[in-house]
Amino acid sequence: MNNLIFLDKFILLSLNKLAHPILDIFFLFISYLGEFWILTILTAIGLLSYRWNIFKHHWPWLMLAMLLSLIMVLIIKDLTMRPRPQLIIADIRTLKPLPKTYAFPSAHTQTAFSAATYLCLLFRKKILIFIFLGLAFLVGIARIYIGVHYPSDVLVGAFIGSGFSIIIWKLRKLKEH
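Listed below in structure tokens is the structure:
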């Protein structure tokens, strides 16, 4: 267990110390892509611009996956009460004010992976899968880079977001048959 804690802190500090003004701007922007309301708007616009039938059929399911996984993350945050890295590690460089919620798991990463996974299942095109999962991965990296999450927070957030989207996708298919 001590090795995992060491690795968590080592990866966090390694990414966090890559400090560069261009990376700061890039990762702050990417981090905002994990905001629930921003992804809600972006997915709505994306699906609406693609095809109305796709939007009206899939957007409610996507929102259900994102909401249920977010609720799960918020429950886990309150149960585990893991403090943010900047409250524990003195030499963390933070680019945002301290979030009011606990660190574990990452809700931004959960939201990004929930949306990305559902969209990958919907479109199933290699380039889109690469884009969706790549952006979700970058959201997780951004949360570590800006100093608000440990890598384990991000990994569990990704797992929860993806897992709920897969479950909702399968439930949707069962309901249709």
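If you read the sequence shown in UniProt numbering, its first letter stands for residue 1, the second for the next number, and so on. The beta carbon of each residue, even a glycine, is placed where N, CA and C say it ideally should be. Computed from a predicted structure; not experimentally measured.
- Straight through space, the alpha carbons of I25 and A142 are spaced by roughly 10 Å.
- CA-CA distance, K125 to T94, rounds to 37 Å.
- With respect to G46, T109 sits apart: the two C-beta atoms are not nearer than 8 Å.
- With fewer than three CB-CB distances shorter than 8 Å, the region 81 to 91 does not count as touching the region 133 to 140.
- Around the C-beta of P60, fewer than 16 other C-beta atoms lie within 10 Å, and the residue is accordingly described as exposed.
- For S14, the enclosing alpha helix (DSSP H) starts and ends at N2 to N16.
- By the neighbour-count criterion, in which a residue is buried when 16 or more other Cβ atoms sit within 10 angstroms of its Cβ, W52 is exposed.
- Residues of the same chain with a CB within less than 8 Å of the CB of C120, apart from the 5 flanking positions on each side, are L128, I129, F132 and L133 in chain order.
- Residue state for R172 is assigned as helix, using DSSP reduced to three classes.
- The beta carbons of Y118 and L155 sit no closer together than 8 Å.
- Distance from the CA of F29 to the CA of L74, rounded to the nearest whole angstrom, comes to 23 Å.
- Per the C-alpha coordinates, the member of T111, H58, Y102 and M72 positioned closest to W37 is T111.
- Boundaries for A19: no alpha helix (DSSP H) harbours it, and the DSSP string shows neither H nor E there.
- The beta carbon of R172 lies closer than 6 Å to those of W61 in the same chain, with the five residues before and after it left out.
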